[in-house]
Every structure is written in C-alpha cells, then in structure tokens.
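Enquirer: Under UniProt numbering, think of the first position of the sequence shown as 1, with each following residue one higher. Dropping the structure in here first, questions after.
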Amino acid sequence: MIVIIESLDRVLKSQGMIYFDLKEMIITNTNLVIITIISGCDKGKFGRNCNDSCDGCISNSCDVIDGLCVNTTGCEPGYYFEEYCNNICDDYYFGNNCTKQCHCLEKPCNNDDGICSPEGCKEGWHGKSCDQACDDWYFGNNCAWKCYCLTGPCNQLTGKCPPGGCQKGWHGVACEVSTVTAENKPLMSTHLGLFIGGFLLGILMATTACFLARKRRKLTKKQGKETVTENPQSHEQQHYDDVRMENISTYQDLMTRQTTQDYEHINTAFVRQ
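What follows is the structure, encoded as structure tokens:
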C-alpha cells in the first residue's frame, strides 16, 4: 500500500485516471489529505471500483470521479450528449450525437456505423445505411424499380406517376411494365415450349437408338456362338451322308450285277430247252 500526502485539488488534476477510495480520504487542518491508492482505472472507466463506463466520450476520456467527458464538443458515434455521453442512440438513429437516421426494412441499424441488415431498405431509400433517398425515376425497396412517367418523376415510395400517363411503350401505375415485353410473352412461351419439347424428343430418340444398338450387338454375339457350336455337327453329318451315299452306290451296283447274271442264266436255260 502506497500512502501519498498531497492536496486533493492537485491530485485530481494530475492523476486523471486514478481511482480514489473515498473512505480512506482524511482532510486535515492544513488542507492536506492522505489518500490510499487502490488501483488505476482503465481508459473509459470511472467511479467506485471502476464499474462505470464512459465509452461514449470522445477518445474515451472522462473524469475518473464523476465520468464527465473531457471533450464536451460531442460524443462518439452511437451516443448522444447530455452532460454525459452514456446515452445510446435510439433505434434507427446512428452517428455522432445520433443525428443520422436509417430506414432499414426489418431491423434497426447499428448505432455506431448505421449499417443495416441484409434485408435491405424500406421503400424510397437505398445505401448501406438506407439513409439515401431514391434518385428521380426510381422507387420501391432499395430503389430497385424504375418508372417511365411521361410528365415527371414518380413517387419515390409508391412509384405512382403524376397525371399525364406513361412514356410510349410502358404502362402500369408506376409505368414500370413494358408493353413490348407483355406482347412478346405468348411468343416467348411458345418458343420455350418448342425448345423443351424438341430437347426431350432428342433425348428419347438417342436413348432408343442406344437401346436398339445394344440389343443388336447382343443378338450378333449370340448367333456367332451358336454357329461355332453347330460346326462340328455339320462336319459329322456331311461325313455320314458321304458314307451313306457310297453304300447306296455299292448296293445298287451289286443289285445290277446280280440282276444281269440272273437274267443271263434264265435266258441260257430257255435256249437249251
């Protein structure tokens, strides 16, 4: 424990980041105090045991006793100034002293930088913080739509055109629908249908051709195997036919000889009688 004897005014001014335990302060008749230094607060902290924060102060610099900002010209982005910079911006407000407003679609923007969630912006606004109004001739969420009014820009929120109608080739409340596109829709649908039908027919024909080719290939292989298997039988049958024809020829020859001999024998006997 370190004991310092010094005037209170001088200590507070020279030790801006030091926490003082007030219970240990003793004021003497000589205007001197005895202070027990417990610890030093981190930057941006103040009060008993450094439990309070002054993050909203510029450069996080504040009085270690009461938390008043050293720089009183304003606060860090995301905070607004009312003696202290510990007031966070309300929803949909951001920036220095919360002076900027965001127009996010679903959730409030970040209090510091104003960045909106990925859902984007409300009608009539665009930008990362949804704080920029749509340019002329644009409207809707994120200013994503363009109008083609005849007499002047459309409403940036609704897209409604002023009296006078639409430019040539456009129609609708916001003059955002092309008449050329509308007329071409049936033709485009027909072309798309023909394309899809032809594509599917081509796939069917290719599949059928592949199937027939495979079937023909299998049939050819099967016939080849049957031909190879039947060849030995054909040779045996041919050999049998040759032998059979030879036997028949021999038999016929024997029959002819025998008949001739019998005939001659009968004829000789008849002559002798």
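Every residue gets a Cβ at the ideal spot worked out from N, C-alpha and C, and that includes glycine.
Rounded to whole angstroms, what is the Cα-Cα separation between Asn51 and Leu157?
Expert: Approximately 47 Å between the Cα atoms of the pair.
Enquirer: Are Cys102 and Cys130 close, meaning C-beta to C-beta below 7 Å?
Expert: Result yes, Cβ atoms of Cys102 and Cys130 sit closer than 7 Å.
Enquirer: According to the neighbour-count rule (16 or more other Cβ atoms, all chains shown, within 10 Å of its Cβ), is Val180 buried or exposed?
Expert: Val180 comes out exposed.
Enquirer: Which residues share a DSSP beta bridge with Ala133?
Expert: Note: Ala133 sits in a beta bridge opposite Trp125.
Enquirer: Residue range of the beta strand (DSSP E) that Cys175 falls in?
Expert: From DSSP, Cys175 is part of no beta strand (DSSP E); its letter is neither H nor E.
Enquirer: Contact between the stretch 101-117 and the stretch 145-154 is defined here as three or more beta-carbon pairs at a separation below 8 Å; is this criterion met?
Expert: Segments in contact, no.
Enquirer: Does DSSP classify Cys54 as helix, strand or coil?
Expert: Note: Cys54 maps to coil in three-state DSSP.
Enquirer: If the criterion is Cβ atoms closer than 7 Å, does the pair Cys41 and Val64 meet it?
Expert: Yes, the Cβ-Cβ distance between Cys41 and Val64 is below 7 Å.
Enquirer: Does Cys210 pass the burial test, meaning 16 or more other C-beta atoms within 10 Å, or should it be called exposed?
Expert: Cys210 should be labelled exposed.
Enquirer: I'd like the list of long-range same chain contacts for Cys69, defined as Cβ closer than 6 Å, with 5 residues on each side in sequence excluded.
Expert: Within the same chain, Cys69 has close Cβ partners Cys57, Cys62 and Cys85.
Enquirer: How would you write the range of the beta strand (DSSP E) that Asn86 sits in, first residue to last?
Expert: Segment Tyr84 to Ile88, the beta strand (DSSP E) holding Asn86.
Enquirer: Based on the DSSP secondary-structure assignment, which residues constitute the bridge partners of Cys139?
Expert: Per the sequence shown, the amino acid found at residue 139 is Phe instead of Cys. Paired residues: Trp145.
Enquirer: Return the CA-CA distance between Gln132 and Phe199, expressed in angstroms with no decimal places.
Expert: Near 48 Å, if we compare the C-alpha coordinates of Phe199 and Gln132.
Enquirer: According to DSSP, which residues form a beta bridge with Lys45?
Expert: Partner(s): Ser53.
Enquirer: Does the beta-carbon of Pro77 have 16 or more other beta-carbons within 10 angstroms, so that it is buried, or is it exposed?
Expert: When all chains shown are included, Pro77 counts as buried.
Enquirer: Three-state secondary structure (DSSP) at Cys69?
Expert: Three-state result, Cys69: strand.
Enquirer: How many Å lie between Gly95 and Tyr79 at the Cα?
Expert: In a straight line, the C-alpha of Gly95 is about 8 Å away from that of Tyr79.
Enquirer: List the DSSP bridge partners of Cys62.
Expert: Answer is Cys69.
Enquirer: Give every residue of the same chain whose Cβ lies closer than 8 Å to the Cβ of Glu176, excluding the five residues on either side of it in the sequence, and list them in chain order.
Expert: The answer, listed in chain order, is Trp145, Lys146, Cys147, Tyr148, Gly159 and Trp170.
Enquirer: Would Leu150 and Gly172 be called neighbours here (beta carbons separated by less than 7 Å)?
Expert: Their beta carbons are not under 7 Å apart, which means Leu150 does not touch Gly172 by this criterion.
Enquirer: So, with DSSP's three-state summary, where would you put Cys75?
Expert: Reduced to three states, the DSSP call for Cys75 is strand.
Enquirer: Can you say whether Phe139 is buried or exposed, counting buried as having 16 or more other CB atoms within 10 angstroms of its CB?
Expert: Classification for Phe139: buried.
Enquirer: Measuring only the C-alpha atoms, how far is Ser174 from Lys168?
Expert: In the sequence under discussion, the amino acid at residue 174 is Ala, which differs from the Ser named in the question. Between Ala174 and Lys168, the C-alpha separation is close to 13 Å.
Enquirer: With DSSP run on the structure shown, which of helix, strand or coil describes Val11?
Expert: Here Val11 scores only 45 on pLDDT, less than 50, and its place in the model is too uncertain to base an answer on.
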